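Right, one structure below, let's go through it.
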Amino acid sequence: AGSTAAALLAEKGRRVLVLEKEKFPRYHIGESMMPYCWFTLDRLGLAQTMDEIGFQQKLSVQFVGTEGKVSRPFYFFQHYDHPSATTWQVERSVFDQMLVDKARQNGAVVIEETKVHEVIRDETDGRVKGVRSETRQGRIDEWFAPVTVDATGRDAFMISKQKWRQRDPMLNKVAIWTYYEDAVRDPGLDAGSTTVAYLPGKGWFWYIPMRDNRVSVGVVAERDYLYRDTRDPGEIMAREIHENRWIEEHLAPARQVGEYWVTGEYSYRSKFCADDGVVLVGDAFGFLDPVFSSGVFLALKSGELAADAIDEALTAGDVSASRFQDYGEKVCLGMEMMRKIVYAFYDENFSFGKLVKAHPELRPKLTDLLIGNVYGQDFDDLFAAIEEICALPPELDYGMKVVGAGAPV
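One point on numbering: in the working numbering, the residue at position 113 of the sequence shown is 697, and numbering is uninterrupted.
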C-alpha cells in the first residue's frame with residue numbers, strides 16, 4: 585500500500601519520502617492475488633512486469649471438502665474476457681521489491697532500515713506535521729510534510745499509538761504456515777490454482793502453488809481448535825494434514841522446507857481512517873481474514889485511492905481529516921463486501937455448493953466477489969440469498985470516520 589501510494593504520488597509530481605523499517609528484499613506473507621489487482625498494477629505500469637518476472641499464473645480458486653471432494657473451480661476467464669482474468673501467486677519479497685523500485689523510479693526517495701518512533705504534531709492545532717525516525721545506526725531524524733501516510737502494515741503505527749484498533753471478535757483466528765517442495769500439482773489449468781481445503785469446525789487450509797517447485801501451505805482455525813493438544817506448530821501442521829484427504833495426498837511426496845510461521849488476531853480495523861495530516865492505508869488501516877486472498881487487493885486499492893485523495897487535498901490546499909472521508913468510505917465498502925462472504929464461509933450452515941444450487945443465476949455475482957470486482961456493483965440479491973442459509977453481520981460502524989479539528993460530528 586505504501587509503495588503504491590508513493591509511486592502514484594511521485595508520478596503526479598509530488599515530492600515523496602518513504603521510510604522503510606526493513607531492508608529490501610524481505611519476507612512477507614500474502615502470496616495469492618485476486619484478478620482485480622491487475623488494474624492497480626496496470627496503472628503503475630507493472631502488469632506486464634508481473635509476467636516478465638515469471639510468477640506462477642493463477643487462473644482459478646477451488647474448494648475441497650474434508651473427504652477430498654473438489655468443487656467446480658471458479659475459472660476467472662470463464663467469467664469475463666480480460667487480461668486481468670489471469671492473476672498470480674507471488675513471492676512477496678520479489679513483488680514488494682518491484683513496487684518499491686517503481687516508487688524510486690517515479691521519483692520517490694526511499695530510505696530503508698529506518699523506523700518511525702512517533703508522529704510530530706503542530707503545537708497550535710494538533711495536526712500531524714511529520715515524523716521522528718531512527719536509523720539502524722541509531723541516528724534520530726525529523727521529517728516534515730503536509731501529509732503523512734501510515735503504511736506500517738500489521739504493526740499499525742497509528743492504530744497502536746492512538747488505541748484505534750477495533751477487533752472483529754468473530755474472526756479471531758490463528759494461522760500456521762510453511763512451505764513444501766515436490767508437492768503434487770494439479771494438471772493443466774489448475775496447476776496454479778489456489779485451493780481452500782476445509783477442516784472440521786470450519787477451519788481450513790490454503791494451498792498455493794508457487795514457482796520453483798514450491799507450495800505455500802497454511803492452516804487457519806480457532807485458537808482452541810489448533811492448540812487443543814500441543815502448541816508446537818510443526819506438530820499441529822502434521823496433525824491437521826491428516827484431517828483433509830486432498831491435502832494429505834498432495835503433500836504425501838513433499839518435503840517441508842524453511843521454518844513454521846504463526847500469527848493471530850487476524851481481523852481488525854481502525855476506528856478512524858485519517859487524522860489531520862495523516863492517512864491510514866493497507867494493513868495499517870485494517871486487515872481481513874485471508875480466506876479469499878483479499879489482502880493484497882485491498883492494500884493495492886487503498887494505496888491507489890489514498891494517492892488520489894492526497895493529491896486532490898494538496899491541490900485544494902486542505903489536508904484536514906475531513907478531506908479523506910470519501911477515501912475511508914470507499915476502502916470500507918470493499919472490506920465490507922469481502923467481510924460478509926468471509927462470515928458466510930465460517931458459518932456451519934453455509935457452503936458455496938448449497939448457494940449456487942439454490943441460486944445458479946447468482947454464480948456470476950459470487951465470482952465477482954472472488955475476483956475483487958466489488959466497486960460499482962449491487963450485491964444485495966447475493967447477500968439476500970446467502971441470508972436464506974446463514975446470518976450475516978451488520979456493517980461495522982468504524983473505519984469510514986475521520987478524527988481531527990475538521991472532522992464532521
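Beta carbons are placed, not taken as given, at the ideal position from N, Cα and C, and that holds for glycine. It should be emphasised that the depicted structure is a prediction, and the values quoted were computed from it without experimental measurement.
How would you call residue i, buried or exposed, if buried means at least 16 neighbouring beta carbons within 10 angstroms?
| i | result |
| --- | --- |
| residue 902 | exposed |
| residue 993 | Bear in mind that the predicted position of residue 993 carries a pLDDT of just 38, short of 50, making it unreliable; the figure below should be weighed with that in mind. Answer is exposed; the Cβ neighbour count stays below 16. |
| residue 824 | buried |
| residue 728 | exposed |
| residue 928 | buried |
| residue 932 | exposed |
| residue 588 | buried |
| residue 744 | exposed |
| residue 841 | exposed |
| residue 677 | exposed |
| residue 961 | exposed |
| residue 965 | exposed |
| residue 736 | buried |
| residue 957 | buried |
Rank the options by C-alpha distance to the C-alpha of residue i and give the top, closest one.
| i | options | result |
| --- | --- | --- |
| residue 791 | 591, 697, 684 and 802 | 802 |
| residue 710 | 861, 624 and 609 | 861 |
| residue 779 | 623, 874, 894 and 880 | 874 |
| residue 765 | 837, 729 and 786 | 837 |
| residue 769 | 748, 724 and 800 | 800 |
| residue 651 | 787, 831, 623 and 785 | 831 |
| residue 637 | 645, 683 and 601 | 683 |
| residue 833 | 882, 781 and 847 | 781 |
| residue 663 | 956, 952, 959 and 979 | 952 |
| residue 660 | 678, 949 and 890 | 949 |
| residue 621 | 880, 820 and 907 | 880 |
| residue 648 | 829, 896 and 966 | 829 |
| residue 734 | 602, 688 and 922 | 602 |
| residue 629 | 676, 930, 882 and 591 | 591 |
| residue 695 | 597, 707 and 719 | 719 |
| residue 614 | 680, 597 and 886 | 680 |
| residue 624 | 643, 886, 731 and 940 | 886 |
| residue 847 | 822, 915, 633 and 756 | 756 |
| residue 922 | 939, 938, 909 and 963 | 963 |
| residue 882 | 618, 611, 608 and 600 | 618 |
| residue 866 | 805, 850 and 884 | 884 |
| residue 698 | 793, 605, 796 and 981 | 605 |
| residue 585 | 913, 890 and 632 | 890 |
Near residue i, which residues of its chain fall below 7 Å by C-beta distance, leaving aside the five closest residues on each side in sequence?
| i | result |
| --- | --- |
| residue 815 | none |
| residue 666 | none |
| residue 870 | 852, 853, 854, 919 and 983 |
| residue 726 | 704, 714 and 716 |
| residue 641 | 670, 672 and 776 |
| residue 864 | 734, 742, 854, 857 and 858 |
| residue 967 | 924 and 976 |
| residue 943 | 969 |
Within the continuous beta strand (DSSP E) that includes residue i, where are the two ends?
| i | result |
| --- | --- |
| residue 603 | 601 to 603 |
| residue 717 | 712 to 719 |
| residue 750 | 749 to 751 |
| residue 839 | 839 to 848 |
| residue 906 | Premise fails: residue 906 is in no beta strand (DSSP E) and is neither H nor E. |
| residue 671 | 671 to 673 |
| residue 973 | Premise fails: residue 973 is in no beta strand (DSSP E) and is neither H nor E. |
| residue 694 | 693 to 695 |
Tell me residue i's beta-bridge partners as DSSP assigns them.
| i | result |
| --- | --- |
| residue 779 | 646 and 791 |
| residue 732 | 862 |
| residue 762 | 801 |
| residue 853 | 750 and 870 |
| residue 700 | 717 |
| residue 659 | 644 |
| residue 877 | Looking at the DSSP assignment, residue 877 forms no beta bridge with any residue, so it has no partner. |
| residue 757 | 806 |
| residue 654 | 648 |
| residue 725 | 717 |
| residue 616 | 673 |
What residues in its chain sit with their C-beta under 6 Å from that of residue i, if we drop five residues either side in the sequence?
| i | result |
| --- | --- |
| residue 761 | 802 and 845 |
If you follow the alpha helix (DSSP H) that residue i is part of, which residue opens it and which one closes it?
| i | result |
| --- | --- |
| residue 805 | It is not in any alpha helix (DSSP H) - residue 805 instead sits in the beta strand (DSSP E) that spans 798 to 806. |
| residue 951 | 947 to 955 |
| residue 598 | Where residue 598 is concerned, there is no enclosing alpha helix (DSSP H), given that its DSSP letter is neither H nor E. |
| residue 834 | 829 to 835 |
| residue 942 | 936 to 942 |
| residue 820 | 817 to 825 |
| residue 633 | 631 to 637 |
| residue 679 | 676 to 689 |
| residue 625 | 621 to 627 |
Just to confirm, does residue i get its C-beta within under 7 Å of one of the non-hydrogen atoms of the ligand HEM?
| i | result |
| --- | --- |
| residue 899 | Only the bare structure without any ligand can be found here, which leaves the ligand HEM out of the picture. |
Beta-carbon within less than 8 Å of residue i's beta-carbon, same chain only, minus the 5 sequence neighbours each way: which residues are those?
| i | result |
| --- | --- |
| residue 595 | 690 and 691 |
| residue 934 | 928, 970, 973 and 974 |
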